[in-house]
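Chains A and B, in that order, give the protein sequences.
Going by UniProt numbering, the first residue of the first sequence is number 1, and it counts up by one from there.
Going by UniProt numbering, the first residue of the second sequence is number 1, and it counts up by one from there.
A virtual CB, placed ideally from N, CA and C, is assigned to each residue, including glycine.
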Amino acid sequence: MAYEAVIGLECHIQLATVSKMFCGCPAEFGARPNSNVCPVCLGLPGALPVTNREAIDAAIRLGLALGSTIRDVSVFARKHYFYPDMPKNYQITQYDRPLCEGGALPVRIGDATRSFALIRVHAEEDTGKSFHPERHGDRQVSRVDFNRAGVPLLELVTQPVFREPAECAAFLTALRRLVRWLGISEGDMEKGHLRCDANVSIRPAGTQALGTKSELKNLNSIKGVEKGITAEIARQERVLASGGTIEQATLLYDADHDKLAVMRSKEHAHDYRYFPEPDLPQLAVDAAWLAAARERLAELPWTRAERFAAEYGLPAYDAGVLCDQRELADYFEEVVKEADPKKVSNWIMTEMLRHLKATQRGVSDWARNVPPHHFAFIIRSVETAQATATSAKSVLDEVFANGGDPASIYAERGIRARSSSDELLPLVRAAIEENPGPVAQYLGGKTATLGFLVGQVMKKSGGQAVPQTVKDLLEAELARRAAAR
Amino acid sequence: MSGADVWRLSATALAARVRAGDLAVADAVESGWRGPAAAWEADVHAVAHTDPGARAAASSAAARDRRTAPLAGVPVLVKDNLCTTDYPTTCGSRILAGYRPPYDATVIGRLRDHGAVVIGKGNMDEFAMGSSTEFSAYGPTRNPYDLGRVPGGSSGGPAAAVAYGLCPVGLGSDTGGSVRQPAAFCGVFGLKPTYGRLSRYGLVAFGSSLDQVGIFARHAGDVAATYAALAGPDPHDATTRQTPAPDVSRWDRGVAGLTFGWPANLWREGVEPDVVEGLEIAAVALERAGARRVAFDFMPGEYAVATYYLVATAEASSNLARFDGVRYGFRHDDAPDVRALYTRTRSAGFGPEVQRRILLGTYALSAGYYDAYYLTAQRARTRIRREYEAAFARCDCMLMPASPTLPFRLGEKTDDPLAMYLSDIFTIGANLAGIPGLTVPVGLTGANGRPPLPRAVQVLGPEDAEPVLLAAGRALEVGGDTIRLGAAHDTEFAWPTKR
Ligand SMILES: [Zn+2]
């Protein structure tokens, strides 16, 4: 029997706020264990939470970006379970009246845009981090670092709208882009800024009723989400194929070994005993707050990509790449003021992004050394035949590495485009003299050798020869020699 | 008054002498320890923790920095569930044995800012769960008017200490009457403010939506002065009201033209005659002072006790989850794994009454029971609040017993939790409705073959009616002169007699 999978995601987004969700401690990372703590985030007796408005503002902006309904009154709730990294043995979260409800995230998959519907987005606090077990003398001990306890999280829950693991990966990639775009999170799954659990069930293809779902945890990369869900679908198919039934369970995915392990079965499911948090008043979001959040929201990535395509005449693919990061889109719009849009897009996608990938650096690093008008100057120099693409690129390499004004580098080096045959013919002839082998091959019919000879001439010109002219001259000269033989 | 009798002074009189330079802070603070505590403390056991060194340090800090403050040099015993950096904070529980908080509760900070000196921690029922101060891991507190009787609870320690003269002011907490009932049993003033007027930051939570820090004093003016020092918004407590606290500076303005409710149906049965007599004395005194009695029947929700115990235990089961032996306090030393660490620590660390309430509250919040219990209780609570609002549409304040009985004997109700819970019937309404209540002593009973016992009335008012309650309390303090038994004179308190 053929099955189809039904998948829903539960994502946790760690916010990049200055302070924690309910106290003034820094929410930063990498501090000495248990140094960013206070009575509130340690859950000391008598301490009380106070809501961080900046975190709520981030949640509102995400909700607005996703087209969710923002409740004017939402309610924090306590979720109870005992665990050593949970200071109060309950987590302050939201339950039956979350801040944001509904909405959808548009995701580009191939040539189409799919919209994946959401159930809710709400704000909550993170737990500490346990390290265990460790040897301590003759005993095994666990240690807990509470620096992360109380760091703001947003929980985003999708409808069970995914059918393929790849859709989940695309969704997470788009979500990561969005939270970075909004500046609310670093969105790095490997660092735990973005975490994802998946609810997975399968059913005979074409049927409507939902099967029993399992909850998949420990999916700590986008690849891992895709692989883990794939493994779980396969496991459920094997169970059904062998005549078994799916038990409701929570499973952990081990990405290193591509294995699933049962963490707890249904009979050990928690009763979280949710009830409204009595230490916090209801969270009221008035029209003024919403308006201010909308103001801060700016243009969303998918809207901006559509505008880039329409306004600058770019292919949808280019517009999508440029709007992958907000800083990149901003940079593009600066450069494009002084150069042709499609050319700018090409230079960004081939040169700039290649450099950034190779050097593991970001758009802001690039912009520091190559401010937009310098980049525009270099791009324009090729268009106006002031320089060849080769020399322009080598200047760009240098400006990215060391900074500097490309105009003065051009002047210093006497860079210009050489296209007169008077200048180039001697170089063409020299290249032919010096490479009898390739020339013979060419004359013997292996015309691909021409590229090599063009390269030789380019080198002799210091990159300043216009390649098309060199090619024309070479072909003419070689044809002349063939005729003379 | 000789220097040795400084402990008899009201807080405001004592602070005035300190400000005038007539009295050293250290003498103001130690007077109660040298005189009355030497006579009473071993029998009464009002104090759970103190430390002469810490008192001396706090006294010199106050003398140095706050000698001109409104409460300069006023010694205050605070309930053992208010966090203090200079004394342990144990909530009368083994599970917090030796625990010393790294921070002061907001109200403690404000006491110190206003020149007061925290002299130690008052004994209490474990985690404020009780009405007799018998459920303390550090032993019971006794009533100074009759050592065979309880001082009330759960804030019995500070109430008894203020009554026998250790200090003129004490702080307690009131979740269902834990300030007003021991105030009545010990014959002192006891104010439970409007919910959100005194910060709960640093008050170890029992029932978060019900808890308020409360004030004990022998004089209405001292309650007012302490309230003025403590009340107001706190950025660390999101449930404090954001508006400025009501002005109580005219606590002595009198009650002429005021109306007070007289819901006599409430004490037609089940209330001891001495308590009813106290109410009559108070009503007459208020009328003589110019107030008008408005009689009506009042039914503050027949489900109030059930509602209260559902809300309070549900919140307590959650608030007390953090006591697990992992980060602070008592930890069971024989725990092979983390589950055992939790269960053994909590089983050995909490007393039986606390465990009973955690179990009740856990049950009320459980899946499948939440709607029937917690949610229903919340609805009932809204109704009770409305009933109080309707009553206060007819009067400025209302008289009511603080307890249906006079102080009962030690051990009398410890085996009958339900009887103990029912004794809260007149106090829990104010906590459910979030309104203020003030216990006002109306002298001592006749002897009747037992020592004279304090009796008191409770004055309830709508939200932010603290000025009205204090005016009524002051009117009874003065006007009780002619009719009050035991007390002869305004500035003289009906002191207990050492037997
Ligand atoms: Zn903190």
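Taking 8 Å as the CB-CB cut-off, is residue i touching chain B?
i, result
"P45 (chain A)", "yes"
"N89 (chain A)", "yes"
"R148 (chain A)", "no"
"D286 (chain A)", "no"
"T113 (chain A)", "no"
"H80 (chain A)", "yes"
"V18 (chain A)", "no"
"P39 (chain A)", "yes"
"V157 (chain A)", "no"
"V151 (chain A)", "no"
"V141 (chain A)", "no"
Excluding sequence positions up to five away, which residues of its chain have a Cβ less than 7 Å from the Cβ of residue i?
i, result
"T469 (chain A)", "S419, L424"
"Y373 (chain B)", "L310, A364"
"P75 (chain B)", "A28, V29, G32, V117, I119, C167"
"Y108 (chain A)", "Tyr is not the amino acid found at residue 108 (chain A); the sequence shown has Arg there. Only G320 meet the Cβ criterion."
"V466 (chain A)", "T388, A417, R418, S419"
"A433 (chain B)", "I384, R385, Y388"
"L314 (chain A)", "F308, P341, K342, S345"
"G178 (chain B)", "Correcting the residue type first, residue 178 (chain B) is Ser in the shown sequence and not Gly. Only A128, G153, S154, S155, G172 meet the Cβ criterion."
When we look at the beta-carbon of residue i and count the other beta-carbons within 10 Å, is it buried (16 or more) or exposed?
i, result
"Y81 (chain A)", "exposed"
"Q14 (chain A)", "buried"
"M124 (chain B)", "buried"
"N143 (chain B)", "buried"
"G320 (chain A)", "buried"
"P441 (chain B)", "buried"
"H236 (chain B)", "buried"
"R484 (chain B)", "In this prediction, R484 (chain B) scores a pLDDT of 41, lower than 50, which makes its location untrustworthy; the coordinate-derived value is nonetheless stated afterwards. The residue is buried, with at least 16 neighbouring Cβ atoms inside 10 Å."
"E295 (chain A)", "exposed"
"G463 (chain A)", "buried"
"L280 (chain A)", "buried"
"L203 (chain B)", "buried"
"L418 (chain B)", "exposed"
"S242 (chain A)", "exposed"
Tell me which residues share the same chain as residue i and place their Cβ nearer than 6 Å to its Cβ, disregarding the 5 neighbours each side in the sequence.
i, result
"D252 (chain B)", "R474"
"P160 (chain A)", "V6, G8"
"L443 (chain A)", "A482"
"H193 (chain A)", "Q14, S185, E186, G187"
"C323 (chain A)", "P301, R304, A305, A329"
Please report whether the beta-carbon of residue i lies at a distance below 8 Å from any beta-carbon of chain A.
i, result
"Y103 (chain B)", "yes"
"L470 (chain B)", "no"
"S423 (chain B)", "no"
"Y87 (chain B)", "no"
"V179 (chain B)", "no"
"G202 (chain B)", "yes"
"residue 517 (chain B)", "This structure cannot speak to residue 517 (chain B), because chain B is shown only from 1 to 499."
"residue 542 (chain B)", "Lying before the first or after the last residue shown, residue 542 (chain B) is absent from chain B, which here runs from 1 to 499."
"S208 (chain B)", "yes"
Within its chain, find whatever has a CB closer than 8 Å to the CB of residue i; leave out the 5 residues flanking it on each side and keep chain order.
i, result
"L260 (chain A)", "L216, G228, A231, E232, R235, L251, L252, Y253, D254"
"A117 (chain A)", "G102, G103, A104, T158, Q159, V161"
key: Contact set between the region 217-236 of chain B and chain A, restricted to residues whose Cβ is under 8 Å from the partner   = P235, H236
request  = Could you run through the region 156-168 of chain B and flag, in chain order, every residue whose CB is less than 7 Å away from some CB of chain A?
outcome  = none
request  = Answer yes if the region 280-292 of chain B comes into contact with the region 240-251 of chain A, meaning at least three C-beta pairs across the two stretches below 8 Å, and no otherwise.
outcome  = Taking a contact to require three or more Cβ pairs closer than 8 Å, the region 240-251 of chain A and the region 280-292 of chain B do not qualify as touching.
message = Could you check whether the region 100-111 of chain A touches the region 61-76 of chain A, counting it as contact only if at least three pairs of C-beta atoms, one from each stretch, sit closer than 8 Å?
response = Inter-segment contact for the region 100-111 of chain A and the region 61-76 of chain A is present: three or more beta-carbon pairs are separated by less than 8 Å.
query = Should the region 469-482 of chain A be called in touch with the region 458-476 of chain B, which here means at least 3 C-beta pairs below 8 Å?
reply = no
message = Taking 8 Å as the cut-off, does the region 184-203 of chain A touch the region 33-45 of chain A (at least 3 CB pairs, one atom from each stretch)?
response = no
key: Contact residues within the region 314-326 of chain B, judged by C-beta distance below 7 Å to chain A   = A314, E315, S318, A321, R322, D324, V326
request  = Pull out every residue of the region 262-284 of chain A whose Cβ sits closer than 9 Å to any Cβ of chain B, in chain order.
outcome  = Those residues of the region 262-284 of chain A that come within reach of chain B (Cβ to Cβ, closer than 9 Å) are D271, Y272, R273, Y274, F275, P276, E277, P278, D279, L280, P281.
inquiry  = Please identify, using Cβ separations under 7 Å, the residues of the region 331-361 of chain B that lie next to chain A, in order along the chain.
reply    = V338, Y342
request  = Note down, in chain order, all residues in the UniProt domain "Asn/Gln amidotransferase" (330-478) of chain A with a beta-carbon under 7 Å from any beta-carbon belonging to chain B.
outcome  = Hits within the stretch: zero.
Contacting positions in the region 59-84 of chain A - beta carbon closer than 7 Å to chain B = R78, H80, F82, P84
task = Could you run through the region 366-385 of chain B and flag, in chain order, every residue whose CB is less than 8 Å away from some CB of chain A?
result = S366, A367, Y370, Y374
message = Three or more C-beta pairs under 8 Å: does that hold for the region 391-409 of chain B against the region 345-361 of chain B?
response = Fewer than three Cβ pairs drawn from the region 391-409 of chain B and the region 345-361 of chain B lie within less than 8 Å of each other, which leaves the two stretches out of contact.
request  = Please name the residues in the region 46-57 of chain A whose beta-carbon is closer than 9 Å to at least one beta-carbon of chain B, in chain order.
outcome  = G46, A47, L48, P49, V50, T51
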